[in-house]
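Undergrad: Once you've had a glance at the structure underneath, I'll fire off some questions.
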Amino acid sequence: MFDSKLRPWIDPPLNRLGLALARRGITADQVTVAGAVAGGVAGLAIGLQQPLAGLALIALSRLLDGLDGAIARATRPTDFGGYLDILCDYVFYLAVPLGFGLAEPAHLPYALALVASFTLTAVSFLAYATLAAKRGLESVSHGAKSFFYSTGLAEGAETIAAFVLMCLFPAAFPVIASLFTVLCLLTVVQRSLIARAEFRQDR
């Protein structure tokens with residue numbers, strides 16, 4: 004929901020840093036994988052009941068996630084880079100809630116419900132992108148991307164905000180996870196209604 008509004012503020016400094024890293028021979032794919040590793044370790048730290056360490060790793064993971072696109076724009080974006088980026092994003096999105104479920108067994112049902120809602124959100128997002136590509140649709144509101152990014156109530160900025168709150172207030176994980184699960188499901192409904200309006204008629 005807020006991703007496109009934040010891009011004008013975030014992209015300029017990321018682009019400058021991405022250009023500097025590209026000049027040093029660092030590739031976008033390397034940074035993408037590093038971001039996924041940081042996200043996975045964040046989930047592990049949270050599972051070991053170290054949520055503040057997890058929070059620091061979440062911040063690192065998302066910084067790297069922003070930098071990979073900046074490096075790609077400074078060099079040559081590839082379709083494989085786009086594939087790797089979305090795959091590694093979901094390593095991060097799944098690792099963090101599962102970490103909270105491991106840290107406190109009573110929280111596991113809430114973690115699994117959130118993971119399930121992320122899965123449905125991903126399916127709706129990727130299905131929409133596939134059909135949008137088939138019809139030649141383009142969107143620049145989320146910056147230059149390898150495929151169509153459809154807007155939703157729950158996007159990257161909202162997810163990161165929820166994860167930050169979980170790390171700062173781990174005892175409130177069930178409440179935060181439940182609210183965000185509902186937001187994800189509403190996003191699926193929202194995107195499905197948009198898809199119905201956009202793709203109902205064959206072209």
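For the sequence shown, my numbering begins at 4 and goes up steadily by one. No residue lacks a Cβ here, since even glycine has one placed at the ideal position from N, Cα and C.
Which whole runs of the alpha helix (DSSP H) in the stretch 78-118 are 4 residues long or more, in chain order?
TA: The qualifying runs are 82-106.
Undergrad: Please name the residue in L55, A77, A45 whose C-alpha comes closest to that of R27.
TA: R27 has its Cα closest to that of A77, out of L55, A77, A45.
Undergrad: Given A116, which residues of its chain have a CB within under 8 Å of its CB, disregarding the five upstream and five downstream residues?
TA: So the qualifying residues of the chain are A180, S181, T184.
Undergrad: My output table needs one value for I74: the three-state DSSP class, helix, strand or coil.
TA: Of the three classes helix, strand and coil, the one that applies to I74 here is helix, per DSSP.
Undergrad: Alpha carbon to alpha carbon, how far is A75 from L87?
TA: Their Cα atoms are separated by approximately 12 Å.
Undergrad: Measure the C-alpha to C-alpha separation of L63 and A160 and round it to an integer number of angstroms.
TA: For L63 and A160, the distance between alpha carbons rounds to 15 Å.
Undergrad: Leaving out five residues on either side along the sequence, give the residues of the same chain with a beta carbon under 8 Å from the beta carbon of L17.
TA: Excluding positions up to five away in sequence, the list reads G69, L70, G72, A73.
Undergrad: Which term fits V34, buried or exposed, when burial requires 16 or more other beta carbons within 10 angstroms of its beta carbon?
TA: Buried.
Undergrad: Helix, strand or coil, according to DSSP, for A157 in the structure here?
TA: The answer is coil: DSSP assigns A157 none of H, G, I, E or B.
Undergrad: Any idea what DSSP makes of G21, helix, strand or coil?
TA: Here G21 sits in helix by DSSP.
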